[in-house]
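*Asks:* In our numbering, the protein residues as written are 5 to 325.
1) Within the 7 Å Cβ cut-off, does residue 304 reach chain B?
2) Less than 7 Å between the C-beta atoms of residue 166 and residue 173, yes or no?
3) In whole angstroms, what is the alpha-carbon distance linking residue 268 and residue 154?
4) Starting from residue 306, trace the beta strand (DSSP E) both ways and give me its first and last residue.
5) Leaving aside the five residues before and after residue 217 along the sequence, list all residues of the same chain whose C-beta is less than 6 Å from its C-beta, in chain order.
6) Count the other C-beta atoms from every protein chain shown that fall within 10 angstroms of the C-beta of residue 85, then say buried if there are 16 or more, exposed otherwise.
7) In chain order, what residues of the same chain lie with their CB nearer than 8 Å to the CB of residue 303, ignoring the 5 residues before and after it?
8) Tell whether a beta-carbon distance below 7 Å holds between residue 308 and residue 289.
9) Would you grab the beta carbon distance between residue 279 and residue 225 for me? Rounded to a whole angstrom, and I think it's under 8 Å.
10) Are the segment 89-103 and the segment 114-134 touching, with three or more C-beta to C-beta distances below 8 Å?
11) Whose C-alpha, out of 233, 136, 169 and 204, is nearest the C-alpha of residue 162?
12) Going along the chain, which residues of its own chain have a beta-carbon closer than 7 Å to the beta-carbon of residue 274, five neighbours each way excluded?
13) How many angstroms separate the CA atom of residue 235 from the CA atom of residue 285?
14) Do residue 299 and residue 180 have their CB atoms nearer than 7 Å?
15) Keeping to the same chain, check which residues put their C-beta closer than 7 Å to that of residue 78; ignore five residues upstream and five downstream.
16) Indicate the three-state DSSP secondary structure (helix, strand or coil) for residue 44 in the structure shown.
17) Could you compute how far the alpha carbon of residue 121 sits from the alpha carbon of residue 114?
18) Whole angstroms are fine: how far does the CA of residue 123 sit from the CA of residue 109?
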């Protein structure tokens, strides 16, 4: 293919390549969360209108006052003042100062119109206030200064936090590794027929988390960056061979998969938009644990929050010799 043909091919194929890349990105379940941030502004432009219609804000007439005359007509004026037997006013329609005999002005009708306009403006301001409060309630669902215990406030940054007594701390998010079970690999090599299932171990390096908890009944709080309500699992790790094994993923000879992990029951309580409280149904035994998010149709997220529970201090005084 010469350089001219290659250049033409590249120019023709470039739109198809970009279209294919965007299609692949949009079909990814996790990427759909990002696509929500790139919606055109017109998709959200009608929201304030809909809320305004619900609140039924009355229409405001053109700016100006009505100076009624005795024949039933009126002048739309910005202001007016009585000067002896004449009334001087600024006409909104003609943008100029004009005068009219005071005897031609219907003062009762003029004062009544002013009172009605003042009442209408008052109603409009009240409706506008309701509209602003409704918008604030929709947009600010999670209070940055959320009080989770008397005098204890949840940090406003996204993350997972643990409450111990009167102290709240932030857990560290770490990435788990997926390793293939060596024993199963050797067995599959020795048996040429694929009748032995495959096993992968989800694990963390080291036998001990650096983040330690002293209480067996901690409370956890999670604040998500995008406001979604996560499905969380508390998993007790198996310590073996210098690692902490979180889960075993078995793949059968027909392709079906199953996960084996030691789950501790937790209850999730929504406190605000994107903020949830996690409580335990049982006390935690000393050991190593992780909190993991379970993604819809994807399973456990490999980004987990690790911590360890230390055994309680014996409290016994040392024996004197």
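In this text, a Cβ means the ideal position worked out from N, Cα and C, and glycines have one as well. Computed from a prediction, not measured in an experiment: that's the story for all the values here.
*Replies:* In short, the structure shows the following:
1) The structure shown contains no chain B, having only a single protein chain.
2) Yes, these two residues count as a Cβ contact at 7 Å.
3) Approximately 28 Å, taken between the alpha carbons.
4) 303-313 is the extent of the beta strand (DSSP E) around residue 306.
5) The beta carbon of residue 217 lies closer than 6 Å to those of 311 and 313 in the same chain, with the five residues before and after it left out.
6) With fewer than 16 other Cβ atoms within 10 Å, it is exposed.
7) So the list reads 263, once near-sequence residues are dropped.
8) Judged by beta-carbon spacing, residue 289 lies beyond the 7 Å limit of residue 308, meaning their Cβ atoms are not closer than that value.
9) Taking the Cβ atoms as the reference, residue 279 lies roughly 7 Å from residue 225, within the contact range of under 8 Å.
10) Flag = no, the segment 89-103 and the segment 114-134 do not touch.
11) Distance from the Cα of residue 162 is smallest, within the candidate group 233, 136, 169 and 204, for 233.
12) Excluding positions up to five away in sequence, the list reads 233 and 280.
13) Taking C-alpha positions only, residue 235 is separated from residue 285 by approximately 16 Å.
14) Against a cut-off of 7 Å, the Cβ pair of residue 180 and residue 299 comes out as no contact.
15) By the criterion of a C-beta distance shorter than 7 Å, residue 78 is surrounded in its chain by 70, 71 and 72, once the five residues flanking it on both sides are discounted.
16) With a pLDDT of only 40 at residue 44, under the threshold of 50, the placement of this residue in the model should not be trusted; the figure read from the coordinates follows. Three-state result, residue 44: coil.
17) A straight-line Cα-Cα distance of about 11 Å links residue 121 and residue 114.
18) Here the alpha carbons of residue 123 and residue 109 stand approximately 23 Å from one another.
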